[in-house]
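Counting in my numbering, the sequence shown runs from 842 upward without gaps. All C-beta atoms, glycine included, are put in the ideal place defined by N, C-alpha and C. Since the structure comes first, as structure tokens, the remarks are kept for the end.
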Amino acid sequence: MNPYTIYRAQENNSTGSLQVNVVSAENNFPIPDAEITISYTGDPTSTLEQVVTDASGQTELVSLAPPPVDLSLSPSLEQPYSEYTLMIRAQGFEPVAISGTQILADTIALQPARMTPIQDQVSPDVPIVIPDHTLYGEYPPKIAESEVKSVAETGEIVLSRVVVPQTIIVHDGVPTDPTAPNYYVPYGDYIKNVASSEIYATWPRETIIANVLAIMSFTLNRVYTEWYRNQGYDFTITSSTAFDHKWIHERNIYESISQVVDEIFNSYLSRPGIRQPILTQYCDGQRVRCPNWMSQWGSCTLGEQGYTAIQILRNYYGSDMYINTAEQVSGVPSSFPGFNLTIGATGEKVQQVQDQLAVIAGVYTAIPRITADGVFGEQTAEAVRQFQRIFNLPVTGIIDFATWYRISHIYVGITRIAEYS
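Here is the structure:
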């Protein structure tokens, strides 16, 4: 971040917020009492804030200065976000340095940090560097593909139905680069990362929904058609904007985007008579023009004009585009019952989620311990509220679709059923 951007951030009346979430890379358990020093990336020697994580491995919300919000609502040559450097230290763990955490006006940024237990007494500080956002930096434009893959093109299609995968294997480079690492990323986390890299969290909610749907449909097309595996590769998708969309290792995400993904993560886009999710391609619509694809900046304008997500999508992809839902979600103990669980509910599904919350409470001790008796009472509601607070969900005490699957995701993660990298 250059000195002018720092000046604009300091002079601006808007604020952005940052929460850092620190876990052990060994077991995904939260790390309490981690010390985080925050500075401007353009001036890393000047400390702005120092905070400490709580029992859930989280910092309080830290108010930080961003540039004016209008810079992220229309194309501009000026950087619309401020960048911060984080130095994270915790007893018994290797220090972590993150450079380039992006703060937008009027948003909550969530920065994950994974710490490795100390192997040696001395460890070099090798920073994680978050590159420019795709709408601000220079990235290669998408190489056009057909939106529906035929069997002749891709080989045998392995899947007979659309399934939300447990894990996405991301090749962090172009497909032909054998030196690029592969990362195993939980599906929902992957979508949140890409959306936070491709659009701005300040955009209208319906615009965010439209873009998230396009990102998920594109990703599920890669999964469904086994696109890269049928070419002899051992990954699901790449981080290259020329071939897929941008994923950035260890970047921060945003609460508004995270909540949208949690609410609709089993959705995708389809056309009548076509089984596979549509490969919904898009571009920024300013530096790169893409007829018949979605314009990201154009979708922001339509959202500001009151268009709904499906209206935005049909404006670009045609009137025969529909929102569909996957038949199965992989890697979870049980599927959502189809209705919200709240005070007064009883039965097997209640007991199941109580069991999961009890396990999670053993690690996230701010969640009160409850008895798994199959009865949804006030104690269960309070446990749900604390879970929602910790995991950045709307705090209602009700187990809706988003809360059900987030509980499942965290339960699977801390019981090491899931495959993490």
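Note to self: With H, G and I counted as helix, E and B as strand and the rest as coil, what does DSSP make of Y1025?
What the structure shows: strand
Notebook entry, point to check: Using the rule of at least 16 other Cβ atoms within 10 Å of the residue's Cβ for burial, across every protein chain shown, is A946 buried or exposed?
Noted result: buried
Notebook entry, point to check: Roughly how many angstroms separate the alpha carbons of G1126 and E919, rounded to a whole number?
Noted result: 17 Å
Item checked: Close-in-space but distant-in-sequence residues of the same chain around D874 (CB under 8 Å, 5 per side omitted) -> V893, T894, A931, Q932
Margin query: Here's the rule I'm using: 16 or more other beta-carbon atoms within 10 Å means buried, otherwise exposed. How should V967 be labelled?
Written below: exposed
Check: Helix, strand or coil: how does DSSP classify Y1065 here?
Finding: helix
Next item on the list: Give a yes or no on whether the minimum CB-CB distance between Y922 and chain B is below 8 Å.
Entry: Among the chains of the structure shown, chain B does not appear; only one protein chain is present.
Notebook entry, point to check: Which term fits L859, buried or exposed, when burial requires 16 or more other beta carbons within 10 angstroms of its beta carbon?
Noted result: buried
Next item on the list: Quick one: using the 10 Å Cβ neighbour count with 16 as the cut-off for buried, is R1210 buried or exposed?
Entry: exposed
Notebook entry, point to check: Using a Cβ-Cβ cut-off of 8 Å (strictly less than) and excluding sequence neighbours within five positions of S1175, which residues of its own chain qualify?
Noted result: K1190, Q1193, S1249
Notebook entry, point to check: Beta-carbon separation of F1076 and V1005 under 8 Å?
Noted result: no
Next item on the list: Please find out if some non-hydrogen atom of the ligand FMN comes closer than 7 Å to the beta-carbon of T1043.
Entry: Only the bare structure without any ligand can be found here, which leaves the ligand FMN out of the picture.
Checklist line | Segment contact, 8 Å Cβ cut-off, at least three pairs: the region 1228–1239 with the region 1162–1179 | finding: no
Margin query: Measuring only the C-alpha atoms, how far is F1263 from E1067?
Written below: A question about residue 1263 goes unanswered here, because the residues of the chain that appear run from 842 up to 1262.
Item checked: 4 or more residues per run - each alpha helix (DSSP H) lying fully within the region 1121–1199 -> 1137–1145, 1150–1158
Item checked: Contact the region 1210–1225 vs the region 877–890: 3+ CB pairs below 8 Å -> no
Margin query: So V864 and I872 are supposed to be a Cβ contact under 8 Å. How far apart are they, rounded?
Written below: 6 Å
Notebook entry, point to check: Considering only the beta carbon of each residue, do P982 and C1141 sit closer than 8 Å?
Noted result: no
Next item on the list: Mind listing, in chain order, the continuous beta strand (DSSP E) runs of no fewer than 3 residues lying wholly within the region 1201–1230?
Entry: none
Check: Y848: buried (16+ other C-beta within 10 angstroms of its C-beta) or exposed?
Finding: Low local confidence applies: a pLDDT of 45 at Y848 is under 50, so the model's placement there is unreliable, and no value is given.
Checklist line | Contact belief for T1082 with Y980 at Cβ below 8 Å, rounded distance in angstroms | finding: 4 Å
Next item on the list: Measure the Cβ-Cβ separation of G1172 and V1253 and say whether it is below 8 Å.
Entry: yes
Next item on the list: Count the other C-beta atoms from every protein chain shown that fall within 10 angstroms of the C-beta of R1247, then say buried if there are 16 or more, exposed otherwise.
Entry: buried
Notebook entry, point to check: Would a C-beta distance cut-off of 8 Å place V1236 and F870 closer than the cut-off?
Noted result: no
Note to self: Contact between the region 1032–1041 and the region 1195–1204 is defined here as three or more beta-carbon pairs at a separation below 8 Å; is this criterion met?
What the structure shows: no
Checklist line | Integer-rounded CB distance, given that S855 should sit under 8 Å from P907 | finding: 6 Å
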